[in-house]
């Protein structure tokens with residue numbers, strides 16, 4: 001059976017599964033719609049959190065980013081996992097005890113203020129929309145690559161699927177589809193990785209193969225460690241050593257901290273812990289979530305190192321006409337581009353970009369063919385020796401072909417990529433719709449609407465959110481790609497400190513919390529906007545505050561938030577008695593069931 | 001009395017959190033970032049140790065920390081009689 005047919009079969013089969021789950025798990029009440037009735041097992045919630053958390057970027061791009069950045073990419077590995085430790089110890093159990101539906105719910109109640117609630121709603125919507133636009137685009141791209149449909153058609157198909165289970169099932173439908181999506185995506189990620197590991201090192205586990213000796217083409221042990229070999233070959237080409245960083249230590253420190261605290265502060269992650277039955281479950285559920293995430297996150301750096309080694313050894317200095325088929329296939333889809341600067345018919349790799357930007361081709365391979373059959377590139381060459389452009393996404397997408405794996409593995413990777421993008425998009429859309437229907441409508445504007453009306457409003461808000469997200473997916477504003485990474489910095493500078501102090505510092509009052517959030521958010525936002533949009537030419541270490549890049553500035557914003565909040569709360573009145581009782585109550589687990597009565 | 005018990009429970013919890021967060025900080029920010037260059041002189045199987053902590057070791061330790069915290073808290077909940085029914 002050919003790849004195309006198998007891909008349709010796998011992706012179509014997974015869609016049928018998701019829709020089946022959606023019909024089975026329809027939401028009948030607001031509690032089911034917002035928090036899946038609060039009855040999700042910690043194991044299922046862990047898998048759903050993992051799928052919610054790992055987006056198309058984690059699935060497709062991360063291993064490639066690591067492959068090209070080496071040690072520098074450690075910020076993502078530590079930052080996007082270490083946040084779960086904070087979540088398990090500092091936030092999730094107490095928010096579960098609090099027992100409401102959303103993050104603005106907690107902020108509004110704890111700080112006895114609709115201003116604080118509204119600020120939180122605005123942050124939730126802003127952070128979630130920047131994030132979800134990238135996801136819808138991701139759905140479209142995965143479709144386009146594997147199913148040969150237009151990117152926009154892909155976005156519309158993705159919208160229709162999410163529409164079905166998010167609007168019908170709410171959190172309940174999303175949770176159980178996310179569990180299924182996790183299974184699909186982790187299987188799709190691990191299978192090629194295991195094959196690649198066996199091929200390169202003879203180890204079944206990529207995590208140990210990563211630190212093992214390399215096998216030669218005949219399968220004999222060369223006695224050289226993979227990472228030593230990789231360090232050697234990248235340095236021979238003029239790059240820095242793979243296991244050494246190029247970023248300054250302070251910047252790595254601040255970026256990691258921003259990603260960790262941002263992870264712990266992201267509303268679509270926090271809200272998942274409202275769905276488990278008890279406080280005890282919330283703690284261990286964070287452990288399950290990290291376990292499921294770690295399966296992918298400890299495999300990805302191994303895949304990165306395998307793929308980089310393999311790519312260089314296969315391609316560098318090879319005659320173009322002798323290259324394996326996958327090279328031509330990805331050149332056809334524009335993800336690889338070769339510009340034979342010295343006209344020797346061989347592909348040379350070197351540090352630096354071969355030309356500016358992504359390759360523009362003069363025409364298809366048939367229309368514009370170079371001397372040895374390559375596609376003709378019209379970009380202006382740079383004056384270094386580098387001749388080849390490789391899109392980082394190839395590191396995951398091409399693995400099955402590089403490892404000569406059967407066609408069904410390629411189809412599986414397609415289904416995995418779609419699952420990763422859809423699960424994250426659905427989680428974000430739910431957070432947006434509940435922020436609108438619950439926090440804005442029910443809690444602020446129209447407190448006396450019935451539950452039925454609120455549920456209808458939640459469904460309508462989900463519909464509107466999907467349409468807006470789809471619009472951004474089809475017409476991506478230029479800033480989306482730039483901004484997604486900053487969602488973490490903004491979450492770290494706004495939600496994380498306010499929630500943390502709301503639990504651990506009884507004396508924190510509304511004045512302190514609002515001032516802290518406003519300062520942290522405004523500072524981080526302005527710093528990012530300045531260096532990314534107003535004066536991008538100034539975006540170098542020399543101009544950064546304390547040498548911290550815009551990616552890491554969320555940590556500084558968070559520290560400012562803490563300081564401002566503490567100072568302001570000291571000089572203003574303490575929170576009222578009943579608020580202090582709420583804080584005392586969320587600190588002890590007993591009675592978690594009762595807190596649900598609204 | 002009940003209030004005192006709740007206060008003691010909370011103090012024990014905060015102490016537990018702080019001790020686990022020290023480990024959390026040391027493996028990631030310590031071994032993986034601040035001390036990475038020094039640790040890279042040590043070979044750990046085929047890895048430089050600092051690099052291993054940054055890309056593998058810290059994640060394993062995070063996982064162990066969460067599981068240990070969840071278990072310690074279950075014990076603490078019972079000891080102070082604040083566990084859920």
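Protein chains in written order, with my numbering: chain A, 1 to 598; chain B, 1 to 85.
Even glycine gets a Cβ: it sits at the ideal position worked out from N, Cα and C.
Item                                                                                                                                                                                    : Value
Touch check for the segment 277-296 of chain A and the segment 149-156 of chain A: three-plus C-beta pairs under 8 angstroms?                                                           : no
Is there contact here, the segment 381-389 of chain A with the segment 330-348 of chain A, by at least three beta-carbon pairs under 8 angstroms?                                       : yes
Would you mind stating whether residue 263/A and residue 62/B have Cβ atoms separated by less than 7 angstroms?                                                                         : no
In whole angstroms, give me the CA-to-CA distance for residue 492/A and residue 224/A.                                                                                                  : 42 angstroms
Counting only beta-carbon atoms, is residue 301/A nearer than 7 angstroms to chain B?                                                                                                   : yes
Quick check: the Cα distance between residue 74/B and residue 279/A, rounded to an integer number of angstroms?                                                                         : 10 angstroms
Around the Cβ of residue 392/A, are there at least 16 other Cβ atoms within 10 angstroms (buried) or fewer (exposed)?                                                                   : buried
Please name the residue or residues paired with residue 337/A in a DSSP beta bridge.                                                                                                    : 389/A
How many angstroms separate the CA atom of residue 322/A from the CA atom of residue 328/A?                                                                                             : 11 angstroms
Could you name the residues of chain A that residue 15/B contacts, counting a contact when the two beta carbons are closer than 7 angstroms?                                            : Under the 7 angstroms cutoff, chain A gives no residues; its nearest Cβ is about 12 angstroms from residue 15/B.
Which of the residues in the segment 36-50 of chain B, read from start to end, lie with their CB under 9 angstroms from any CB of chain A?                                              : 36, 37, 40, 43, 44, 45, 46, 47, 48, 50
Tell me whether residue 505/A sits in a helix, a strand or coil according to DSSP, three-state version.                                                                                 : coil
Could you pull out every residue in the same chain whose Cβ sits closer than 7 angstroms to the Cβ of residue 574/A, ignoring the five residues on either side in sequence?             : 507, 509
Any idea which residues DSSP pairs residue 60/B with across the strands?                                                                                                                : Answer is none; residue 60/B lacks a bridge partner.
Using 7 angstroms as the threshold, is the C-beta distance between residue 258/A and residue 92/A below it?                                                                             : no
Below 8 angstroms on the Cβ atoms is my guess for residue 528/A versus residue 486/A; work out the distance and round it to an integer in Å.                                            : 5 angstroms
At 4 residues or longer, and completely inside the segment 98-122 of chain A: list those alpha helix (DSSP H) runs for me, N to C.                                                      : 103-110
What's the C-alpha gap between residue 502/A and residue 325/A?                                                                                                                         : 58 angstroms
If we call anything under 7 angstroms between Cβ atoms a contact, is residue 227/A one with residue 208/A?                                                                              : no
Taking 7 angstroms as the cut-off, decide whether the C-beta atoms of residue 21/A and residue 131/A are in contact.                                                                    : no
For residue 191/A, collect the residues of the same chain with a Cβ closer than 7 angstroms to its Cβ; drop the 5 residues on either side in sequence, then sort them by chain order.   : 409, 412
Measure the beta-carbon distance from residue 66/A to residue 304/A and round it to whole angstroms, keeping in mind my assumption that it falls under 8 angstroms.                     : 3 angstroms
Ordered along the chain, which non-local residues of its own chain (more than five positions away) have a Cβ less than 8 angstroms from that of residue 235/A?                          : 241
Against chain A, does residue 63/B count as a neighbour if the rule is that its beta carbon must be under 7 angstroms from one of theirs?                                               : yes
What are the uninterrupted segments assigned as beta strand (DSSP E) that are 3 or more residues long and contained completely in the segment 388-431 of chain A, given in chain order? : 388-390
In whole angstroms, give me the CA-to-CA distance for residue 596/A and residue 99/A.                                                                                                   : Its pLDDT being 45, under 50, residue 596/A is placed unreliably by the model, and nothing is read from it.
Runs of 3 residues minimum, wholly inside the segment 126-187 of chain A: which ones carry the beta strand (DSSP E) assignment?                                                         : none
Helix, strand or coil for residue 43/B per DSSP?                                                                                                                                        : strand
Does residue 67/B come within less than 7 angstroms of chain A when only Cβ atoms are used?                                                                                             : yes
Taking all protein chains shown into account, decide if residue 358/A is buried (16 or more other Cβ within 10 angstroms of its Cβ) or exposed.                                         : exposed
Which residue or residues does DSSP assign as beta-bridge partners of residue 381/A?                                                                                                    : 355/A
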